[in-house]
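First the structure, in the form of structure tokens, and then the observations on it.
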Amino acid sequence: MEDVHLLTNERVTRDTDWVVKFVEFNWKTKSSKSWFIARVTISLSVIAIIIANAFTGMLLRTWHVGCMWDALFEITTSPNEYFKENETSHNIITIISSLLIDFLLSSFTLHFILWGNSWRPIICLLSFYIFRGAIQASFVMECPKDWAWYYPGFPSLAVGYQKTSDFFYSGHVGVVTILTFFNRHTKRYILMWISISSIAIEFWVMIFLRGHYTIDVITGPLVAHYFWIVSGRVSPYLDRVSGYKEQ
50 MEDVHLLTNE RVTRDTDWVV KFVEFNWKTK SSKSWFIARV TISLSVIAII IANAFTGMLL
110 RTWHVGCMWD ALFEITTSPN EYFKENETSH NIITIISSLL IDFLLSSFTL HFILWGNSWR
170 PIICLLSFYI FRGAIQASFV MECPKDWAWY YPGFPSLAVG YQKTSDFFYS GHVGVVTILT
230 FFNRHTKRYI LMWISISSIA IEFWVMIFLR GHYTIDVITG PLVAHYFWIV SGRVSPYLDR
290 VSGYKEQ
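The opening position of the sequence shown corresponds to residue 50 in my numbering, with each subsequent residue numbered one higher.
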């Protein structure tokens, strides 16, 4: 009986401790009380919306589109029409966007050849493009009707201008994102800021000229960031095997 009594006392003590901690954390001050109420309100509201949507589909679109509907395309109709009607302006922004990629890739290649001490960027780039190629081999998207991504009269080392279903996800924005991380990692900060600026330029040029859908230019940097993280986990092993030392 004593053992049962002791166990009961221990359980009561644990329960009491939990209550005390709960009160101290959530109800001791006016601020903690407010945050607790806010968390409860937000959580219950989100749960209610999720359940309601699961049963009614109230947050889902029920109308149909021909192939793709892009809200950002609708918003950027004016610049798209402008660049289609003004060939000189079209060629200038196309050449600038392509030259930025050529420059950053050339800079990366030269640095890797001369000073490369890790396979991380190569693993990242290969993973990014192999995964992209696998998706494009199994999922084809139609070219936008206002497509205006064509040869600007000046060649590019890395950028093509063929009219193909080369959309999801964006290599233009994605590769520049990878190079941004690489330049930061190698402490080349001027190039890092050029790369960051290039991300924004590539994003809007692709949207204005309909070279990519919105989902492409948003997903590209996210996948690039993911593979940069993954390559950072994988590369140390390959670096050790090959005799490299991670910076």
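The beta-carbon is built from N, C-alpha and C at its ideal position, and this holds for glycine as well. Model, not experiment: these values are computed from the prediction.
Going by beta carbons, phenylalanine 177 and isoleucine 227 fall inside the 8 Å limit. When the five nearest sequence neighbours on each side are left out, the beta carbons in the same chain lying within less than 6 Å of the beta carbon of lysine 82 are those of Trp76, in order along the chain.
Around the beta carbon of proline 204, fewer than 16 other beta carbons sit within 10 angstroms, so the residue counts as exposed. With three or more CB-CB distances shorter than 8 Å, the segment 267-274 counts as touching the segment 209-220.
Excluding sequence positions up to five before and after histidine 139, its CB lies within less than 6 Å of the CB of Phe132, all in the same chain and listed in chain order. A Cβ-Cβ separation of about 14 Å leaves aspartate 195 out of contact with asparagine 135 under the 8 Å criterion. Around the C-beta of tyrosine 262, 16 or more other C-beta atoms lie within 10 Å, and the residue is accordingly described as buried. Contact annotation, serine 280 with isoleucine 150: C-beta distance approximately 20 Å; criterion of less than 8 Å not satisfied. The Cβ atoms of histidine 221 and glutamate 191 do not sit closer than 8 Å to each other. Annotation note: the segment 229-296 contains the following uninterrupted alpha helix (DSSP H) runs of length 4 or greater, listed N- to C-terminal: 238-257, 263-291. The beta carbons of isoleucine 239 and valine 225 sit no closer together than 8 Å. Uninterrupted alpha helix (DSSP H) stretches at least 4 residues long and entirely within the segment 177-216 do not occur. Under the DSSP assignment, aspartate 151 falls in the alpha helix (DSSP H) whose first and last residues are 136-164. DSSP places lysine 82 within a helical segment (H, G or I) once states are collapsed to three. Taking 8 Å as the cut-off, the beta carbon of leucine 258 is found closer than this to the beta carbon of tryptophan 198.
Across the structure, tyrosine 200 and threonine 125 are spaced so that their CA atoms are roughly 21 Å apart. Linking arginine 289 to leucine 154 through their CA atoms gives a straight-line distance of about 26 Å. When the five nearest sequence neighbours on each side are left out, the beta carbons in the same chain lying within less than 6 Å of the beta carbon of glycine 260 are those of Trp198, in order along the chain. Close CB contacts of arginine 181 within its chain, under the 7 Å cut and outside five residues either way in sequence, are with Tyr218, Gly220 (chain order). No Cβ-Cβ contact shorter than 8 Å links leucine 121 with isoleucine 278.
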